[in-house]
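Trainee: Heads up: the sequence shown is residues -25 to -1, 1 to 183, going by mature numbering (1 follows the signal peptide of the UniProt record, and there is no 0). Glycine residues also receive a C-beta, built at the ideal position from the N, C-alpha and C atoms.
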Amino acid sequence: MTVNHSFFRRTAALVAAGSAAVVLAACGGNGSTGHNGHNSASSSAAPSAPASQGQHNAADVTFVKGMIPHHRQAIEMAYLAPSRAQSAEVKKLAADIRKAQDPEIKTLSGWLASWGEQVRAEGVMDHSAHGMDGMMTEQEMEKLKDASGKAFDTAFMEMMIKHHEGAVAMARTEKAQGSYPEAKMMADAITTSQSAEIERMNKLLGKS
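#1: Within a Cβ cutoff of 7 Å, which residues of the same chain sit near residue 264, ignoring the five residues on either side of it in sequence?
#2: Pick out whichever of A69, Y54, A49, E157 has its Cα sitting closest to the Cα of E140.
#3: Would you call E149 buried or exposed, if buried means 16 or more other Cβ atoms sit within 10 Å of its Cβ?
#4: In terms of DSSP beta bridges, what is residue 185 paired with?
#5: With DSSP as the reference, please indicate the residues paired to G109 in a beta bridge.
#6: Can you give me the Cβ contacts of E51 inside the same chain, cut-off strictly under 7 Å, excluding the 5 residues immediately before and after it?
#7: Assuming I165 contacts A144 (C-beta within less than 8 Å), just tell me the rounded distance between them.
#8: Just mark S58 as buried or exposed, buried being the case when its beta carbon has 16 or more other beta carbons within 10 Å.
#9: With a threshold of 8 Å, are at least 3 pairs of Cβ atoms found where one atom belongs to the stretch 124 to 141 and the other to the stretch 58 to 78?
#10: If I measure Cβ to Cβ from L119 and keep anything under 8 Å in the same chain, skipping five residues before and after, which residues do I get?
#11: Taking the alpha carbon of A60 as the point to measure from, which residue in R175, A122, L180 has its own alpha carbon closest?
#12: Within its chain, find whatever has a CB closer than 7 Å to the CB of S168; leave out the 5 residues flanking it on each side and keep chain order.
#13: Between D35 and S154, is the Cβ-Cβ spacing less than 8 Å?
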């Protein structure tokens, strides 16, 4: 009986050891496969990481950083209309520009902040904006500020057409090169709305 008990104990121990070895081998195999699988998952997840962090690229940043001072200047021009414009149509146009572009500036600034980019405070001179598509020079802005009546109406619309054309060109570049969905949607909206306003101003000027 002692022998049998001893035999059974040894047999049980061997079976347990064998089972443990199988389990360890399986775990080792799974660990290896799991490790490789983890690396594979990490590798496949890595390219999507930037997308989950904003899905924006350099073209989006350029578009947003350019459009903010562009919009601010358009609003500055529009603020002159109530006290200087003669035409009710020009006053209405200026009000529409302010209504559309002011909220867009807030949205654009929010994107920059979320991307960790610097947002220039309003009123801070942005020298990078000089020479940007459609931007008025300081001399042109002074000329507009000094005008009134019909002369203001004509100068305002001629300058704003040029300004809008610049914005549309920037928006088309964003559509072609950007990757941030919301920025591309705004670029689409800018192209549509400002193209319509260009046509509206050309009609008021008798050019179409």
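Mentor: In short:
#1: The structure shown does not extend to residue 264, since the chain is modelled only from -25 to 183, so the question has no answer here.
#2: On the sequence shown, residue 140 is found 165 positions in, with the first residue counted as 1. Of the listed residues, the one whose Cα sits closest to E140 is A49.
#3: Numbered from its first residue, the sequence shown carries residue 149 at position 174. Buried.
#4: The requested residue 185 is not part of the displayed model; the chain covers only -25 to 183.
#5: Position 134 of the sequence shown, counting from 1, holds the residue named residue 109. DSSP lists no partner for G109.
#6: Translated into positions along the sequence shown, residue 51 becomes position 76. Here the set comprises nothing.
#7: Position 190 of the sequence shown, counted from the start, is the residue given in the question as residue 165. Position 169 of the sequence shown, counted from the start, is the residue given in the question as residue 144. The Cβ separation is near 10 Å, so there is no contact.
#8: Taking the first residue of the sequence shown as 1, we reach residue 58 at position 83. With fewer than 16 other Cβ atoms within 10 Å, it is exposed.
#9: yes
#10: Looking up residue 119 in the sequence shown gives position 144. The answer, listed in chain order, is M52, L55, M111, F127, A130, F131, M134.
#11: By one-based count along the sequence shown, residue 60 stands at place 85. Closest by alpha carbon: A122.
#12: Along the sequence shown, read from residue 1 onward, the residue named residue 168 stands at position 193. Closer than 7 Å at the Cβ level, and outside the excluded window around S168, lie A75.
#13: Counted from its first residue, the sequence shown places residue 35 at position 60. Counted from its first residue, the sequence shown places residue 154 at position 179. Yes, the pair counts as a contact, with Cβ atoms nearer than the cut-off.
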